[in-house]
Amino acid sequence: AIPLVVAKSTALAARNGLLIRNRTAFENARKITTLVFDKTGTLTVGQFAVARFEALIGDVTKEEVLRLAYALEQSSEHPIATGIVAKAKELGISAEQAGKITAITGKGITAELNGTTISVVSPNAPQNPPEKIRAGETLVYVLRNETPIGFIALSDQIRPESAEAIRTLHEQNIKTVLLTGDNKVVAEDVARTLGMDQFFAEVLPHEKLEKIAQLQQSGEFVAMTGDGVNDAPALAKADVGIAVGSGSDVAAETADIILVNSNPKDVASLVLFGKATYRKMV
Ligand code: ADP
Ligand code: MG
Numbered sequence: 364a365i366p367l368v369v370a371k372s373t374a375l376a377a378r379n380g381l382l383i384r385n386r387t388a389f390e391n392a393r394k395i396t397t398l399v400f401d402k403t404g405t406l407t408v409g410q411f412a413v414a415r416f417e418a419l420i421g422d423v424t425k426e427e428v429l430r431l432a433y434a435l436e437q438s439s440e441h442p443i444a445t446g447i448v449a450k451a452k453e454l455g456i457s458a459e460q461a462g463k464i465t466a467i468t469g470k471g472i473t474a475e476l477n478g479t480t481i482s483v484v485s486p487n488a489p490q491n492p493p494e495k496i497r498a499g500e501t502l503v504y505v506l507r508n509e510t511p512i513g514f515i516a517l518s519d520q521i522r523p524e525s526a527e528a529i530r531t532l533h534e535q536n537i538k539t540v541l542l543t544g545d546n547k548v549v550a551e552d553v554a555r556t557l558g559m560d561q562f563f564a565e566v567l568p569h570e571k572l573e574k575i576a577q578l579q580q581s582g583e584f585v586a587m588t589g590d591g592v593n594d595a596p597a598l599a600k601a602d603v604g605i606a607v608g609s610g611s612d613v614a615a616e617t618a619d620i621i622l623v624n625s626n627p628k629d630v631a632s633l634v635l636f637g638k639a640t641y642r643k644m645v
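The numbering of the sequence shown is full-length UniProt numbering, which starts it at 364 and goes up by one.
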């Protein structure tokens, strides 16, 4: 039988936006010493808007850079893709049909178009990144046969509740860590704005899992909060896996607890509830 305090507290959790899928994980929430957060869609809204786009070589126009990216990104569901497609549509750019479209996990997308290979990739992918990233910008390069021909800069917004979530966790002596596939400049900007203890950028999905394992080996009791397919392995590895409600089904199915309202502040409530509930029992 479920002890009454636990039953009551699960109901209270539900009222505060927490869906408990795994009772043991809920019980363990009081032991959390480190909370790892994904960035895009977790601490930020996850809706990218194109801020600027430019050509980097003479025989290409900036409109062509966007048109090529659009041809690839119309078949991707990544939030960066959604932002690029929206901008291209807004400007009335015509959609071309690319072939052999392949996603490069954690890095971008590549395809064949008019006999050339076109890729849209993260800034660490080209050998010598030609454009300097500005604070808060997520940058992708458009490559033609491996050569950067242009870039597209996008911006996302930090969720209004994220700062309070981090502050409340710090009040409970929980260390906060940012883990993102995005570039170092954005990662640092978000971590600094929110006052987080540590950040890791340009992290591939399998490296997210490894980072969780490393923290566990160093004696931390680790919770991970994420929304994406790329966060699922890390959510499974964490002592407490927490998925953002608005995120992917894969993340939700892997997690122990779901933030129904996609509000990072509810993570802090989770720790408080866990402590209040099980203090009464022992
Ligand atoms: P996050 O951890 O922020 O959710 P991802 O692992 O999904 O990031 O992606 C990491 C990086 O790979 C992105 O910041 C971007 O630079 C690049 N990327 C991934 N998918 C795409 C895509 N469809 N188009 C352009 N860039 C992409
Ligand atoms: Mg994400």
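Think of the CB as a built atom: it goes at the ideal place given N, C-alpha and C, for glycine as much as any other residue.
Short Cβ contact (8 Å threshold) for residue i with residue j
i      : j      : result
Leu419 : Ile456 : no
Ser518 : Thr501 : yes
Val634 : Ile395 : yes
Glu440 : Ala461 : no
Asp619 : Thr405 : no
Residue i, buried or exposed, once every other Cβ within 10 Å from all chains shown has been counted against 16
i      : result
Ala576 : exposed
Leu506 : buried
Val645 : Its pLDDT being 49, under 50, Val645 is placed unreliably by the model, and the measurement read from it follows with that caveat. Classification of Val645: exposed, given that the 10 Å Cβ count is below 16.
Asp602 : buried
Lys452 : exposed
Ser625 : buried
Arg522 : buried
Lys463 : exposed
DSSP-derived helix/strand/coil call for residue i
i      : result
Pro568 : helix
Gln460 : coil
Phe514 : strand
Leu419 : coil
Ser581 : coil
Thr480 : strand
Asp629 : helix
Gly604 : strand
Gly589 : strand
Glu616 : helix
Glu551 : helix
Glu494 : coil
Gly558 : coil
Residue i Cβ short of 7 Å to the ligand MG heavy atom set
i      : result
Gly404 : yes
Gly499 : no
Asp422 : no
Asp594 : yes
Residue i - containing alpha helix (DSSP H), residue span
i      : result
Glu453 : 442-453
Leu598 : 595-600
Thr531 : 525-534
Val408 : Segment: none, Val408 is in no alpha helix (DSSP H) and carries neither H nor E.
Element boundaries [beta strand (DSSP E), containing residue i]
i      : result
Glu427 : Counting along the chain, Glu427 falls outside any beta strand (DSSP E), though it belongs to the alpha helix (DSSP H) covering 425-436.
Lys538 : 538-542
Leu403 : The sequence given here places Thr at residue 403; Leu does not occur at that position. Looking at the DSSP string, Thr403 is not in any beta strand (DSSP E), and its letter there is neither H nor E.
Thr396 : That residue, Thr396, is in no beta strand (DSSP E); it is neither H nor E in DSSP.
Ile383 : 381-383
Val505 : 501-507
Gln561 : 561-563
Chain C within 8 Å of residue i, Cβ atoms only
i      : result
Asn477 : Chain labels in this structure do not include chain C; a single protein chain is all it has.
Distance cut-off 7 Å: residue i Cβ against heavy atoms of the ligand ADP
i      : result
Ser439 : yes
Ala449 : no
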